[in-house]
Amino acid sequence: MDYILEGLGNALKMIVSLDSEMAEIVFVSVKISTISIILATLAGVPLGFYVAIRDFWGKRAAITILNTLMALPTVVIGLLIYSFISRRGPLGVLGLLYTPWAMIIGQTILAFPIVAALSLSATQGIDKRVEKTALTLGANNLQTALFILMEGKFALFSAIIAGFGRVFAEVGVSMMLGGNIRGFTRNITTAIAFETGKGEFALGIALGMILLTVAFSINILFHYFQKKRM
Amino acid sequence: MGISVLRVENLIKRYESGFALDIPHLEFQSGRIYGLVGPNGAGKTTLLNLLNLLEEPTEGEMFFEERRFTDLDPLDIRRKMTMVMENPFLFHTTVFKNITAGLKCRSVDKKMWPAMSKEALRTVGLKGFENRYAPALSRGETQRVAIARALVLKPEVLFLDEPFTNIRQRDIDLFEKLTKTINQEYQTTIIFTTHDLPQAHRLSDEVISLVDGRIIEGSIENLFEGTVEEIDGTQSVKISPKISVSVITEKRGKVNISIAPREIILSHGAIISSARNSFKGIIRKIQMEGQTVIVNISVDEEVEFTALITETSFKNMGLPIDSEIYLTFKSTSVTIF
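Protein sequence lines correspond, in order, to chains S and P. For reference, each letter of the first sequence is one residue, going -5 to 224 in this note's numbering. For reference, each letter of the second sequence is one residue, going 10 to 346 in this note's numbering.
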């Protein structure tokens, strides 16, 4: 029990003193997850929006696939990307394995179906009169789309935040594709796993506390936007 | 007589449900007010949607100022018209941003927005509402903001889809005045839909009746559906299990019939006359409309007729609600379509 309390005490000290190693790890996490969620948003929001407002052959199948992909295990994504970017893989020559870009690719693929599926449901939840109102006001297609997006902005923010929460807390993709290289690809989750394995609880607990704080903040934001959506 | 602003020729819109709007010819002159009346599902909103390019016709041609819609940029035509929906949607933002939404689409100089918005809000009686949060407004205010949002665009044609439903009587009077004001001040052609025939007559230069997707010449009040029957060489249309209306027609099978309210004679007792339709009913509603009185009579609790009599006749006869009354009309007064 003592070692837990001692770890907790040291963790608090590290947080208060903004320990450089801890800060570096948090920075890697924030950087990679932010880039990943931006890429997933750029692809996922338009896709979800398009699937929601247009009727096309196979729409139901597309929605089912997107919903299923939301539950994609991180290790499966890790395995898939690994097979492509490992030295023997078709993209091996790019030398992406164990780089932040490999983690970004993996996390983008992880967040993309979440952002797309939640954007789809967010768009479907927008009042059907928005499109007609925009058209009667003389909006062109792009302006109409922007009117719809503006009306659904809070639900769309929720979708993006949900995706960010997922990638920020994942460990499978980061470990398999990033390799947990100190100062380069070591992020919060891989560092916690690594430090725990070493028996170094202080840094692990400090990072765990930061992770929980971020997760808590994300949840608060998520619920804030969900309420705003009502 | 104004110039033709909108014209449709052989316009057909078919739906999978089987409903079809079928209008061989219809023309709207600029600067006039048109009332489209008809029961639910008659095709009024469909016609507005087609004219406003919100739906595409299955067949037929439409013309804007005598130029084919197909020869013009759809966005250009749509920007010369606008529509206020039955249940208008206001964006989740301020009244000002709602009113200027259409100006933004047209890239109108931002410096002009406040003055234009102020003017439109003044016209609809909502001066100083610019910074209010639109979704928090009352139903009547929402309707007025929607009209201001349309008005600020100075459209050549303004479509109002059931603008007077679900609002208080006090607001209805206000909207009727507003409709006239918009037409006179802005020279806007106004095409509105309504269920209320007296209101349509009150407000419009021309009333267009739509039933089952078709324009009809007869009255749309006292409108019934039934089957033509022939007994002893005389035709009648059975409009309910107990009530048949004598008619003169060559048609067979299912038909629609209508009887103009002013063709119905009211009396305290049965009258002997050449008219072949006479029913006993109970007065259910009385409504004063200027010099005339609209009387609603229920027959056998199955069918309700509307009769129109003069204020003098009404006063002389003394017609309290729930009293018995006889209504009589000729077979030749029945329009069949």
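Every residue gets a Cβ at the ideal spot worked out from N, C-alpha and C, and that includes glycine.
- For residue 137(S), a Cβ of chain P is located within less than 8 Å of the residue's own Cβ.
- Counting only residues of its own chain and dropping the five nearest sequence neighbours on each side, residue 225(P) has a CB closer than 6 Å to the CB of 218 and 346.
- Listed along chain S, the residues sitting closer than 8 Å to residue 115(P) by beta-carbon distance are 132.
- In the structure shown, residue 33(P) adopts extended strand secondary structure according to DSSP, grouped into three states.
- Chain-order list of chain P residues neighbouring residue 121(S): 98, by C-beta distance under 8 Å.
- Within the segment 142 to 213 of chain P, the complete beta strand (DSSP E) segments at least 3 residues long are 166 to 169 and 198 to 203, listed from N- to C-terminus.
- Looking at the backbone, the Cα of residue 248(P) and that of residue 274(P) are separated by about 20 Å.
- Contact between residue 181(S) and residue 22(S) holds, since their C-beta atoms are separated by about 5 Å, short of 8 Å.
- Here the C-alpha atom of residue 105(P) lies approximately 9 Å from the C-alpha atom of residue 122(P).
- Separation of residue 117(P) and residue 127(P) (C-alpha to C-alpha, rounded to the nearest whole angstrom) is 15 Å.
- Neighbours of residue 94(P) in chain S, taken as residues whose beta carbon is under 8 Å from its own, are 123, 126, 127 and 130 in chain order.
- Residue 162(P) belongs to the set of residues whose beta carbon lies under 8 Å from a beta carbon in chain S.
- Contact annotation for residue 88(P) against chain S: 132 [CB-CB distance below 7 Å, chain order].
- Partner residues in a beta bridge of residue 160(S), as assigned by DSSP, do not exist.
- For residue 51(P), there is no enclosing alpha helix (DSSP H), since its DSSP letter is neither H nor E.
- Excluding five sequence positions before and after residue 48(S), none of the CB atoms of its chain fall closer than 8 Å to its own CB.
- From the beta-carbon of residue 145(S), the residues of chain P found nearer than 8 Å are 100 and 101.
- Bridge partners of residue 23(P) according to DSSP: 29(P).
- Excluding five sequence positions before and after residue 160(S), the CB atoms of its chain that fall closer than 8 Å to its own CB belong to 104, 105 and 108, given in chain order.
- Distance between residue 40(P) and residue 201(P), taken at the CA atoms: about 13 Å.
- When the five nearest sequence neighbours on each side are left out, the beta carbons in the same chain lying within less than 7 Å of the beta carbon of residue 262(P) are those of 236 and 237, in order along the chain.
- Shortest Cα-Cα distance from residue 324(P) to any of 333(P), 124(P) and 295(P) involves 295(P).
- Counting along the chain, the unbroken alpha helix (DSSP H) around residue 29(S) starts and ends at 14 to 47.
- Residue contact with chain S for residue 81(P): absent (no Cβ-Cβ distance below 8 Å to any residue of chain S).
- It is roughly 13 Å from the alpha-carbon of residue 344(P) to the alpha-carbon of residue 244(P).
- For residue 136(P), the three-state secondary structure derived from DSSP is coil.
- Runs of beta strand (DSSP E) with 3 or more residues, each lying fully within the segment 254 to 293 of chain P, are found at 263 to 268 and 274 to 276, listed in chain order.
- Chain S has no Cβ within less than 8 Å of the Cβ of residue 47(P).
- Inter-residue distance for residue 48(P) and residue 315(P) is about 15 Å (C-alpha atoms, whole angstroms).
- Take residue 72(S), set aside five residues on each side of it, and the residues of its chain with a beta-carbon closer than 8 Å to its own are 100, 166, 167, 169, 170 and 171, in chain order.
- For residue 11(S), there is no enclosing beta strand (DSSP E), as DSSP gives it neither H nor E.
- Counting the other Cβ atoms within 10 Å of the Cβ of residue 176(S) gives fewer than 16, which makes it exposed.
- One thing to note: residue 98(S) has its Cβ within 8 Å of the Cβ of residue 26(S).
- Neighbours of residue 111(P) across chain S, judged by C-beta separation under 7 Å: 131 and 132.
- Interface flag for residue 169(P) against chain S is unset, since no Cβ pair is found closer than 8 Å.
- In this structure, residue 132(S) sits near residue 162(P), with a CB-CB distance shorter than 8 Å.
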